[in-house]
Ligand code: HEC
Ligand code: HEC
Ligand code: HEC
């Protein structure tokens with residue numbers, strides 16, 4: 001007999017339930033049930049008629065009735081609270097996270113939500129529901145709830161989901177910034193979101209906005225420089241990669257990969273996708289021509305970690321299929337393929353993050369990115385840290401200078417960003 005337990009339970013509870021319904025409705029419980037069903041059906045037909053006749057009030061100008069607004073907000077609060085249960089909050093006190101979050105907040109959130117010393121656009125204030133001025137609202141939410149909202153967005157409002165759903169790390173950066181925002185002065189906000197180096201006071205942004213008159217890249221570059229800095233050196237802290245002195249072909253490949261969605265980042269994708277192909281080329285050329293920058297401010301990693309990094313980079317680990325990194329990324333004699341990025345002198349935090357993304361399949365990239373998926377796959381977290389520390393400790397010039405001979409690009413020829421059969425064969429292990 002199927003589901004004997006279910007039958008037993010039914011038999012046991014059906015008779016008392018019938019008795020109770022009979023008592024409640026004076027014996028006519030079947031008729032009451034039928035009436036309820038009929039009313040439900042009538043309400044459904046009525047609703048459908050209203051919708052079909054086009055009488056549903058959808059105008060944003062009339063706002064919500066108080067009751068509708070209350071119910072919708074209540075539903076949202078409950079849904080966010082329940083559905084964010086079980087999300088583990090990582091440490092959020094890293095200044096680099098706040099810096100990265102601030103940079104994106106300015107691109108993607110400010111117009112709708114305002115910020116310290118910055119009002120919301122008048123246009124978004126005509127939305128229903130109106131995006132709230134955010135600073136005073138943050139304290140109502142737990143960090144995992146903010147994460148849920150920023151990652152998933154909110155249906156039936158204009159609150160968008162995170163563009164790169166794979167990049168939880170970026171969403172956490174925004175959460176770290178949101179949590180710092182309520183107590184942030186307008187000056188601090190300007191410094192974080194628009195300023196020069198995080199450790200230097202912000203420059204006024206207006207002169208940059210005057211540049212477009214002579215220089216068509218002016219406003220675009222001013223925007224890039226908010227995060228990557230005028231000298232292309234990132235902004236300290238490792239929130240943003242260094243671009244100065246990077247190979248032009250790689251920079252262009254990376255920008256095209258963001259623009260086409262092959263490399264996932266909720267921060268860089270919308271920026272690159274909004275630019276014309278020739279602007280991307282000009283930007284890649286601009287940053288490639290800036291002199292490479294060596295770190296003088298980097299904290300010295302432990303000598304142990306450096307030695308391990310050096311040995312891994314030079315020899316790889318044969319038995320685990322980890323190739324020699326030096327083979328492609330230097331430092332080594334002779335020219336290198338310009339599609340292999342310069343990673344010497346890059347921020348350790350950025351390098352480690354990219355390696356983690358490669359191992360978890362979250363880092364796309366150019367047509368060559370598959371090389372790194374297999375190269376990084378077997379790396380342990382300690383090995384990634386050691387390799388990141390080692391490469392970050394190298395002077396940037398060294399590999400840049402060695403890489404340069406391969407970069408004799410003919411300006412009239414488009415830069416080749418597709419691999420040849422020879423390039424994509426796995427490297428020999430040493
Ligand atoms: C196009 C406008 C728009 C953009 C862009 C936008 N939001 Fe929203 N956001 C909204 C709307 C609308 C709501 C819902 C308001 C409501 O429920 O009444 C909302 C709600 C929120 C809430 C919940 C606020 C509360 O207390 O109810 C948070 C937090 C939030 N957004 C953060 C962000 C962040 C961070 C970004 C940028 C990554 C962002 N939003 C981008 C429109 C926007
Ligand atoms: C809001 C901050 C922000 C702005 C503005 C910004 N970037 Fe980025 N950029 C980032 C972050 C964060 C990353 C790392 C993203 C990742 O993890 O893939 C990045 C990555 C890059 C990379 C890849 C570097 C590498 O080593 O692989 C390039 C190239 C780049 N940006 C160029 C630009 C250009 C050109 C502009 C202006 C059009 C620009 N960025 C504007 C934050 C920003
Ligand atoms: C066969 C060549 C090759 C080998 C070997 C190799 N890489 Fe790469 N690496 C690449 C290429 C190509 C990219 C660019 C991928 C893309 O974005 O399309 C890259 C990208 C990277 C990046 C991201 C840089 C950035 O700016 O975003 C890091 C970090 C990196 N490699 C580290 C390593 C380490 C560590 C090793 C050794 C374990 C290694 N690579 C071995 C070719 C190689």
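Residue numbers (full-length UniProt numbering): 1 to 430. Backbone N, C-alpha and C define an ideal beta-carbon position, used for all residues, glycine too. The model shown is predicted, which means the values in this text are computed figures rather than measured ones.
Reduced DSSP secondary structure (H/G/I, E/B, other) of residue 108: Against the chain shown, residue 108 aligns to sequence position 108. Reduced to three states, the DSSP call for residue 108 is helix.
Beta-carbon proximity of residue 90 to residue 172, cut-off 8 Å: Working through the chain shown from its first residue, we reach residue 90 at position 90. Working through the chain shown from its first residue, we reach residue 172 at position 172. Yes, they are a contact pair.
Under the three-state DSSP convention, the category residue 123 falls into: Locating residue 123 in the chain shown gives position 123, counting from the first residue. Here residue 123 sits in coil by DSSP.
Whole beta strand (DSSP E) elements within the UniProt domain "Cytochrome c" (304-395), 3-residue minimum: none
Opening and closing residue of the alpha helix (DSSP H) in which residue 256 lies: In the chain shown, residue 256 corresponds to position 256, counting from 1. Here the alpha helix (DSSP H) through residue 256 covers 248-260.
Buried versus exposed call for residue 100 [16 or more other C-beta atoms within 10 Å across all chains shown]: In the chain shown, residue 100 corresponds to position 100, counting from 1. Buried is the call here.
Beta carbon of residue 238 nearer than 8 Å to that of residue 390: The sequence position of residue 238 within the chain shown is 238, counting from 1. The sequence position of residue 390 within the chain shown is 390, counting from 1. No, these two residues do not count as a Cβ contact at 8 Å.
Residue 273 to residue 188 span [Cα, whole Å]: The residue given as residue 273 occupies position 273 in the chain shown. The residue given as residue 188 occupies position 188 in the chain shown. The alpha-carbon atoms of residue 273 and residue 188 are separated by roughly 29 Å.
Distance cut-off 7 Å: residue 226 Cβ against heavy atoms of ligand 2: Position 226 of the chain shown, counted from the start, is the residue given in the question as residue 226. Residue 226: yes, Cβ under 7 Å from ligand 2.
Nearest-angstrom Cα separation, counted from residue 257 out to residue 364: On the chain shown, position 364 is the one that residue 364 refers to. On the chain shown, position 257 is the one that residue 257 refers to. The alpha-carbon atoms of residue 364 and residue 257 are separated by roughly 8 Å.
Residues of its chain near residue 144, where Cβ-Cβ distance is below 7 Å and the 5 sequence neighbours each way are ignored: Your numbering for residue 144 matches position 144 in the chain shown. Cβ neighbours of residue 144 beyond the five flanking positions: 84, 87 and 89.
Residue nearest to residue 32 in terms of C-alpha spacing, selected from 74, 21 and 41: By 1-based counting over the chain shown, the position of residue 32 is 32. Considering only alpha carbons, the answer is 21.
Cβ shell of residue 242 (< 6 Å), same chain only, five flanking positions each side left out: Residue 242 sits at position 242 when you count from the first residue of the chain shown. Correct list, in chain order: 233, 234 and 346.
Closest Cα partner of residue 158 within the set 337, 26, 247 and 124: Against the chain shown, residue 158 aligns to sequence position 158. Checking every option, the nearest Cα to that of residue 158 belongs to 124.
Distance, residue 362 Cα to residue 261 Cα: Taking the chain shown and counting its residues from 1, the one referred to as residue 261 is at position 261. Taking the chain shown and counting its residues from 1, the one referred to as residue 362 is at position 362. Looking at the two C-alpha atoms, the distance is approximately 12 Å.
C-alpha distance - residue 121 paired with residue 288, whole-angstrom precision: In the chain shown, counting from the first residue as 1, residue 121 sits at position 121. In the chain shown, counting from the first residue as 1, residue 288 sits at position 288. Cα to Cα, the separation comes out at about 36 Å.
Residue 9, enclosing alpha helix (DSSP H) - first and last residue: Here residue 9 refers to the residue found at position 9 of the chain shown. Here the alpha helix (DSSP H) through residue 9 covers 4-24.
Collapsed DSSP secondary structure at residue 54 in the structure displayed: As a working mapping, residue 54 is identified with position 54 in the chain shown. Looking at residue 54 - three-state DSSP - the assignment turns out to be coil, as it is neither helix nor strand.
Same chain, Cβ closer than 6 Å to residue 309, five either side skipped, listed in chain order: In the chain shown, residue 309 corresponds to position 309, counting from 1. Excluding the 5 residues flanking it on each side, residue 309 has same chain C-beta neighbours closer than 6 Å at 386, 387, 389 and 390, in chain order.
Beta-carbon proximity of residue 327 to residue 343, cut-off 8 Å: Working through the chain shown from its first residue, we reach residue 327 at position 327. Working through the chain shown from its first residue, we reach residue 343 at position 343. No, the pair does not count as a contact, with Cβ atoms beyond the cut-off.
Ligand 2 heavy atom lying under 7 Å from the CB of residue 313: Taking the first residue of the chain shown as position 1, residue 313 is located at position 313. The answer is no for residue 313.
Cβ-based neighbour list, residue 110, same chain, cut-off 7 Å, excluding 5 preceding and 5 following: As a working note, residue 110 is residue 110 in the chain shown. Correct list, in chain order: 118.
Spatial distance of residue 321 from residue 338 (CA atoms): Walking along the chain shown from the start, residue 321 turns up at place 321. Walking along the chain shown from the start, residue 338 turns up at place 338. Near 24 Å, if we compare the C-alpha coordinates of residue 338 and residue 321.
Proximal residues to residue 81 (C-beta, below 7 Å), its chain only, five neighbours per side dropped: If you number the chain shown from 1, residue 81 lands on position 81. Excluding positions up to five away in sequence, the list reads 145.
Inter-residue Cα distance where the pair is residue 53 and residue 153: As a position in the chain shown, residue 53 is number 53, starting the count at 1. As a position in the chain shown, residue 153 is number 153, starting the count at 1. Straight-line Cα distance between these residues: approximately 31 Å.
Beta-carbon contacts of residue 129 that lie in its chain and below 6 Å, excluding the five residues immediately before and after: Against the chain shown, residue 129 aligns to sequence position 129. Around residue 129: 157.
Reduced DSSP category for residue 118 - H, G, I as helix; E, B as strand; rest coil: Here residue 118 refers to the residue found at position 118 when the chain shown is read from its first residue. Here residue 118 sits in strand by DSSP.
Contact test: residue 174 Cβ vs ligand 1 heavy atom, cutoff 7 Å: Taking the first residue of the chain shown as 1, we reach residue 174 at position 174. Flag set: Cβ of residue 174 near ligand 1.
beta-carbon residue 194 near ligand 3 non-hydrogen atom, thresh 7 Å: Residue mapping note: residue 194 aligns to position 194 of the chain shown, counting from 1. For ligand 3, not one heavy atom lies less than 7 Å from the Cβ of residue 194.
Boundaries of the alpha helix (DSSP H) in which residue 226 is found, first to last residue: Here residue 226 refers to the residue found at position 226 when the chain shown is read from its first residue. Its alpha helix (DSSP H) spans residues 218-228.
Beta-carbon proximity of residue 138 to residue 178, cut-off 8 Å: By 1-based counting over the chain shown, the position of residue 138 is 138. By 1-based counting over the chain shown, the position of residue 178 is 178. Yes, the pair counts as a contact, with Cβ atoms nearer than the cut-off.
Near ligand 2: residue 371 beta-carbon under 7 Å from a heavy atom: Taking the first residue of the chain shown as 1, we reach residue 371 at position 371. No, ligand 2 has no heavy atom inside 7 Å of this Cβ.
Rounded Cβ spacing between residue 360 and residue 379 (contact assumed at less than 8 Å): Looking up residue 360 in the chain shown gives position 360. Looking up residue 379 in the chain shown gives position 379. Between residue 379 and residue 360 the Cβ distance is about 11 Å, and since that is not below 8 Å, they are no contact.
Exposure of residue 324, with buried meaning 16 or more beta-carbon neighbours within 10 Å: What you label residue 324 is simply residue 324 of the chain shown in a count that begins at 1. So residue 324 counts as buried.
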